[in-house]
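> For the record, in the sequence shown the residue sitting at position 297 is 297 according to UniProt numbering, with numbers rising by one throughout.
Beta carbons: idealized from backbone N, C-alpha and C, even for Gly.
As the structure is a prediction and not an experimental result, all values here were calculated from the model.
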Amino acid sequence: MAVDSNLSSPLGPPACEKDAKALRFIEEMTRNADTVQENLLAEILARNANTEYLRRFNLGGATDRDTFKTKIPVITYEDLQPEIQRIADGDRSPILSSHPISEFLTSSGTSAGERKLMPTIREELDRRQLLYSLLMPVMNLYVPGLDKGKGMYFLFVKSETKTPGGLPARPVLTSYYKSEHFRSRPYDPYNVYTSPNEAILCPDSFQSMYTQMLCGLLDRLSVLRVGAVFASGLLRAIRFLQLHWSRFAHDIELGCLDSEITDPSIRECMSGFHNSAPQFHFVRRKNVLLSIDSDKTDESELQKAVENASKILHEECGSRVAEYTSYADTSTIPGHYVLYWELLVRDGAWQPSHETITRCCLEMEESLNSVYRQSRVADNSVGPLEIRVVRNGTFEELMDYAISRGASINQYKVPRCVNFTPIVELLDSRVVSAHFSPSLPHWTPERRRR
Numbered sequence: 001m002a003v004d005s006n007l008s009s010p011l012g013p014p015a016c017e018k019d020a021k022a023l024r025f026i027e028e029m030t031r032n033a034d035t036v037q038e039n040l041l042a043e044i045l046a047r048n049a050n051t052e053y054l055r056r057f058n059l060g061g062a063t064d065r066d067t068f069k070t071k072i073p074v075i076t077y078e079d080l081q082p083e084i085q086r087i088a089d090g091d092r093s094p095i096l097s098s099h100p101i102s103e104f105l106t107s108s109g110t111s112a113g114e115r116k117l118m119p120t121i122r123e124e125l126d127r128r129q130l131l132y133s134l135l136m137p138v139m140n141l142y143v144p145g146l147d148k149g150k151g152m153y154f155l156f157v158k159s160e161t162k163t164p165g166g167l168p169a170r171p172v173l174t175s176y177y178k179s180e181h182f183r184s185r186p187y188d189p190y191n192v193y194t195s196p197n198e199a200i201l202c203p204d205s206f207q208s209m210y211t212q213m214l215c216g217l218l219d220r221l222s223v224l225r226v227g228a229v230f231a232s233g234l235l236r237a238i239r240f241l242q243l244h245w246s247r248f249a250h251d252i253e254l255g256c257l258d259s260e261i262t263d264p265s266i267r268e269c270m271s272g273f274h275n276s277a278p279q280f281h282f283v284r285r286k287n288v289l290l291s292i293d294s295d296k297t298d299e300s301e302l303q304k305a306v307e308n309a310s311k312i313l314h315e316e317c318g319s320r321v322a323e324y325t326s327y328a329d330t331s332t333i334p335g336h337y338v339l340y341w342e343l344l345v346r347d348g349a350w351q352p353s354h355e356t357i358t359r360c361c362l363e364m365e366e367s368l369n370s371v372y373r374q375s376r377v378a379d380n381s382v383g384p385l386e387i388r389v390v391r392n393g394t395f396e397e398l399m400d401y402a403i404s405r406g407a408s409i410n411q412y413k414v415p416r417c418v419n420f421t422p423i424v425e426l427l428d429s430r431v432v433s434a435h436f437s438p439s440l441p442h443w444t445p446e447r448r449r450r
């Protein structure tokens with residue numbers, strides 16, 4: 001409900017009392033800017049009277065503006081560089097500030113080609129948070145509804161360094177995103193992001209962008225605005241979606257996370273998304289189980305094995321598994337697992353060789369549970385795992401077949417294990433090559449100590 005206020009724009013009043021309070025604060029600060037600045041200067045001079053820098057100019061305890069303008073020279077960054085370097089090297093005496101320096105904020109370096117170091121104190125984070133809290137109430141006057149739904153904002157941290165004295169040196173937004181002010185921020189309807197903190201704080205730009213984009217697409221029905229801190233960041237995000245849309249579709253359809261996303265904190269948070277967002281957790285389906293003898297492989301384990309094998313494809317030839325399903329083939333003695341793979345070979349990538357795919361077979365076996373590996377190695381009750389590569393479009397044909405038998409096109413999911421003879425026959429009729437695991441997986445009879 002809007003709040004009546006004489007601070008309204010021509011488009012309407014503030015959305016709530018909190019917004020009205022923020023707008024009143026801006027009005028008070030700007031209406032009496034001269035007095036505010038004079039009081040602020042006096043506070044700064046009084047607080048830092050005993051610093052090495054101010055003692056140099058013999059202010060004698062004065063905090064008025066005229067004395068300051070008379071005795072303190074106008075300087076450049078280069079004038080303070082020796083003092084800044086001392087702080088960076090570990091000098092903890094009150095050189096420029098009576099409060100301890102907590103970190104250095106770095107400039108972009110776009111003007112002089114080299115990043116400047118700006119010492120700052122912990123209290124500065126409070127001021128930054130206050131500043132950021134004033135932005136949206138003003139914007140909401142002119143673009144109403146910014147307090148509704150979620151924002152698909154692409155936020156990133158940059159690399160940071162340590163000074164010789166051990167203080168972090170990083171860009172201002174990286175400092176803010178890594179602070180408790182951001183990570184433990186209270187609920188604010190203006191800043192409900194689709195991106196989890198873990199994705200924002202991931203230093204790998206690809207993994208960060210991929211996860212933020214995926215979360216936004218997952219939560220797309222709640223997204224009412226899209227943005228980035230800089231316009232160039234939004235352009236990068238759009239281009240990223242153009243390049244990787246098929247991977248996002250694959251992950252959303254299968255409920256998995258691309259194998260190239262290896263950051264542990266991201267993988268953990270994506271298995272239990274917070275609030276009311278979709279639980280991005282791999283949920284096994286009933287009756288999806290591979291078993292030849294005493295071995296039992298469920299869907300989540302099979303998915304992990306496929307992901308691990310896919311890494312070999314990606315590393316060696318730039319291709320990946322577009323779709324897959326499995327079949328427990330008991331027509332052979334002993335029986336064995338069969339994986340039907342449809343591959344996605346990108347432009348300029350190599351077609352996977354026989355040797356590469358046999359390595360994928362072995363990698364899958366290495367990824368399966370110890371009971372399976374014991375059945376392979378010690379009991380000889382399970383034969384070598386087989387990958388049958390099918391031609392492109394096979395899984396679309398599989399969907400068409402299921403729909404022709406009454407399946408809903410909106411609810412259809414690729415079966416991860418098949419045993420219905422017509423489906424197995426359809427898959428086998430589309431096989432272009434078959435490959436077996438070339439050797440036994442690792443297994444040891446030793447039990448882990450509990």
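Is the beta carbon of I101 sitting closer than 8 Å to the one on L173?
No, they are not a contact pair.
> For C16 and K150, I'd like the C-alpha separation in whole angstroms.
Answer to the nearest angstrom: the Cα atoms are 18 Å apart.
> Below 8 Å on the Cβ atoms is my guess for residue 464 versus L96; work out the distance and round it to an integer in Å.
There is simply no residue 464 to check, as the chain begins at 1 and stops at 450 in what is shown.
> I'd like to know whether the C-beta atoms of L217 and I252 end up nearer to each other than 8 Å.
Yes, these two residues count as a Cβ contact at 8 Å.
> Identify the continuous beta strand (DSSP E) that holds F248 and give its terminal residues.
No beta strand (DSSP E) contains F248, which is instead part of the alpha helix (DSSP H) from 231-254.
> Can you tell which of I312, D379, E342, E299 has its C-alpha closest to the C-alpha of I333?
I333 has its Cα closest to that of D379, out of I312, D379, E342, E299.
> Which residues in the same chain have their Cβ closer than 6 Å to the Cβ of V377, if we skip the five residues on either side of it in sequence?
L440, W443, listed in sequence order.
> Whole alpha helix (DSSP H) runs in the region 112-142 with 4 or more residues, listed along the chain?
The qualifying runs are 123-142.
> May I ask whether a heavy atom of the ligand PLP can be found less than 7 Å away from the beta carbon of H442?
Questions concerning the ligand PLP fall outside what the structure shown contains, since it holds no ligand whatsoever.
> Suppose contacts are defined by Cβ-Cβ distances below 8 Å. Is R416 in contact with S310 by that definition?
No, they are not a contact pair.
> I need the boundaries of the alpha helix (DSSP H) containing H314, first residue and last residue.
Where H314 is concerned, the enclosing alpha helix (DSSP H) stretches over 299-317.
> Could you check whether the region 56-72 touches the region 139-156, counting it as contact only if at least three pairs of C-beta atoms, one from each stretch, sit closer than 8 Å?
No, because fewer than three Cβ pairs between the region 56-72 and the region 139-156 fall closer than 8 Å, the two stretches do not touch.
> Near E323, what residues of its chain come up, given a Cβ to Cβ distance below 7 Å and the 5 sequence neighbours on each side ignored?
Cβ neighbours of E323 beyond the five flanking positions: E342, F395, V414.
> Tell me which residues share the same chain as V424 and place their Cβ nearer than 8 Å to its Cβ, disregarding the 5 neighbours each side in the sequence.
The residues are Y327, V418.
> Just verifying my parser: in three-state terms, what is the DSSP assignment at E323?
In this structure, E323 counts as strand in the three-state DSSP scheme.
> Would you tell me roughly how many angstroms separate the C-alpha atoms of S437 and E124, rounded to the nearest one?
Going by the C-alpha atoms only, they are around 60 Å apart.
> Would you mind reading off the limits of the alpha helix (DSSP H) that contains F68?
Unbroken alpha helix (DSSP H) run through F68: 65-71.
> With a 10 Å radius around its C-beta and 16 neighbouring C-beta atoms as the bar for buried, classify S111 as buried or exposed.
Bear in mind that a pLDDT of 46 at S111, under 50, signals an unreliable position, so the number given afterwards is only what the model happens to contain. Answer is exposed; the Cβ neighbour count stays below 16.
> Among the residues of its own chain, which have a CB less than 6 Å from the CB of D19, if the five just before and after it don't count?
These residues qualify, in order along the chain: P137.
> Rounded to the nearest angstrom, what separates Y337 and N392 at their Cα positions?
Answer to the nearest angstrom: the Cα atoms are 22 Å apart.
> For a test of the three-state rule: what should DSSP assign to A199, helix, strand or coil?
Looking at A199 - three-state DSSP - the assignment turns out to be helix.
> Within this structure, are the beta carbons of S175 and L80 separated by less than 8 Å?
No. Outside cutoff.
> I'd like to know whether the C-beta atoms of I84 and L117 end up nearer to each other than 8 Å.
Yes, they are a contact pair.
> Per the DSSP calculation, W341 is bridged to which residue(s)?
Paired residues: Y324, V389.
> With V382 and D293 assumed to form a contact (beta carbons below 8 Å), what rounded beta-carbon distance in angstroms separates them?
V382 to D293, Cβ: 6 Å. Contact.
> Span of the beta strand (DSSP E) holding S433?
Where S433 is concerned, the enclosing beta strand (DSSP E) stretches over 431-436.
> From V143, T421, S133, pick the residue whose C-alpha is nearest to that of P186; which is it?
Of V143, T421, S133, the residue nearest in Cα terms is S133.
> Can you tell me where the alpha helix (DSSP H) with L105 in it begins and where it stops?
From DSSP, L105 is part of no alpha helix (DSSP H) but of the beta strand (DSSP E) over 103-106.
> Which same chain residues end up closer than 6 Å to P171 when comparing Cβ atoms and leaving out the 5 residues on each side of it in sequence?
The answer, listed in chain order, is T106, K158.
> Quick one: what's got a C-beta closer than 6 Å to R373's C-beta in the same chain, skipping five residues either side?
If we look at R373 and ignore the five residues flanking it on each side, its Cβ neighbours are P441, W443.
> On the CB-based measure, 16 or more other CB atoms within 10 Å of its CB, does S246 come out buried or exposed?
The residue in question, S246, is exposed, as its Cβ has fewer than 16 Cβ neighbours within 10 Å.
> If we count the other Cβ atoms within 10 Å of its Cβ and call it buried at 16 or more, is Y77 buried or exposed?
Per the 10 Å Cβ criterion, exposed.
> Can you name the start and end residues of the beta strand (DSSP E) that L221 belongs to?
L221 -> no beta strand (DSSP E), and no H or E assigned at all.
> A42 lies in the alpha helix (DSSP H); which residues open and close that run?
Looking at the DSSP string, the run of the alpha helix (DSSP H) that includes A42 is 33-47.
> Nearest-angstrom Cα distance between F230 and I200?
Those two C-alpha atoms are separated by around 15 Å.
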